[in-house]
Amino acid sequence: MPHALWPQIVGGVPIAISDGNNTRGRTVRLPELPLGNLTISICKEDFDVDTFPDTLLRGLASDINAYFQSALPNVRIIEVLFTCERSFYIVLDDSIQIGAISGILPGTIANCPTAYLKELQLHRLLSAHLPIETHGDVGDLSRQATPGDKLPWPACHIDISHSRNREGHTMMKSVKLESSSHPSQDLRYVVYNWSFMGQPEHTQYRFQPQDVACGSVVQSSDGVVLGFYRYYIADGKWGGFLVSISASEVVENRALQSNTLPI
413 MPHALWPQIV GGVPIAISDG NNTRGRTVRL PELPLGNLTI SICKEDFDVD TFPDTLLRGL
473 ASDINAYFQS ALPNVRIIEV LFTCERSFYI VLDDSIQIGA ISGILPGTIA NCPTAYLKEL
533 QLHRLLSAHL PIETHGDVGD LSRQATPGDK LPWPACHIDI SHSRNREGHT MMKSVKLESS
593 SHPSQDLRYV VYNWSFMGQP EHTQYRFQPQ DVACGSVVQS SDGVVLGFYR YYIADGKWGG
653 FLVSISASEV VENRALQSNT LPI
């Protein structure tokens, strides 16, 4: 096993590293979870995984939620995750017994395989549900990601203490269904970026979330503000992911405050 920081990318492709005995590291980049029924397919439009803008992702999450409310009204969606591997994970309420209903859950969404998990399986902190403020120099709005931006899956970095940067790679985007205080909306579909910061099993060089202020800027390698640090998952199958609220939410919130919803 490498003694220095384990590589995240080889030949432009994110990798996982294991010692072969499952004592250190991991054998897969993203968790292997049970799929839904592959004969049930919804939202069959074909999407370009390389240029998936936040507006389209929000709209898709809204369509998915509408299907569940109609066909499976007792199954509550918490969050929709879309991966760079062209697959979906649907996070369901912890009260749902996924194994008992897997036969009626859609197995493909937008022609992509779809797996399911409970929220508690993410191992995220309770503080992840609290409101945040942004910190650091966010630059001009023109340099922030906007709802219509078509961005690839970028390398990114986050400013941490002692004037250091820590690099990561965005591997997922998600839309979390949150209650809205605005009179024109019942729900808000809030977009988050999931950046892999390195395998937490590599304890000597693991990401240290205590060095980062909630709301710190997450930037792409070419200087575009992608989002603002929200929380880090240190344990479990999702360990190593830093989750940031998308910078496009700044644009969304400003539009709401001016009573104008973005197209």
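Quick note: the sequence shown uses the working numbering, first residue 413, plus one each step. Cβ atoms here follow ideal geometry from the backbone N, Cα and C, with glycine treated the same way.
Continuous alpha helix (DSSP H) stretch holding Asn486: start and end: No alpha helix (DSSP H) contains Asn486, which DSSP labels as neither H nor E.
Give the C-beta separation of Pro465 and Asp598 to the nearest angstrom, bearing in mind that I take them to be a contact with Cβ-Cβ under 8 angstroms. About 23 angstroms; that fails the 8 angstroms criterion.
For Gly580, name the three-state secondary structure that DSSP assigns. Residue state, collapsed to three classes: strand.
Given that a residue counts as buried once 16 or more other Cβ atoms are within 10 Å of its Cβ, and exposed if not, what is Ser482? Counting Cβ neighbours within 10 Å, Ser482 comes out exposed, since fewer than 16 surround it.
Starting from Ile454, follow its DSSP beta bridges and name the residues at the other end. Ile521
Can you tell me which of the three DSSP states Gln631 falls into? strand
Mark Ser658 as exposed unless 16 or more other C-beta atoms lie within 10 angstroms of its C-beta, in which case mark it buried. buried
Rounded straight-line distance, which links the Cα of Leu638 to that of Asn605: 8 angstroms
Mind reading off the beta-carbon distance from Val492 to Ala478? Whole number of angstroms is fine, and I expect it under 8 angstroms. About 12 angstroms; that fails the 8 angstroms criterion.
Let me check understanding here. Comparing Cα to Cα, which of Gly648, Val655 and Ser632 lies closest to Arg642? Val655
Mapping the DSSP letters down to three states, classify Val624 as helix, strand or coil. coil
If I measure Cβ to Cβ from Asp506 and keep anything under 6 angstroms in the same chain, skipping five residues before and after, which residues do I get? Lys530, Glu531 and Leu532
If distances are taken between C-alpha atoms only, which option among Ile645, Pro443, Pro525 and Tyr601 comes closest to Ile489? Comparing Cα positions, the closest option is Tyr601.
Count the other C-beta atoms from every protein chain shown that fall within 10 angstroms of the C-beta of Ser575, then say buried if there are 16 or more, exposed otherwise. With a pLDDT of 47 at Ser575, under the threshold of 50, the modelled position of this residue cannot be trusted, and the question is left open.
Tell me the rounded alpha-carbon separation between Ala512 and Pro446. 12 angstroms
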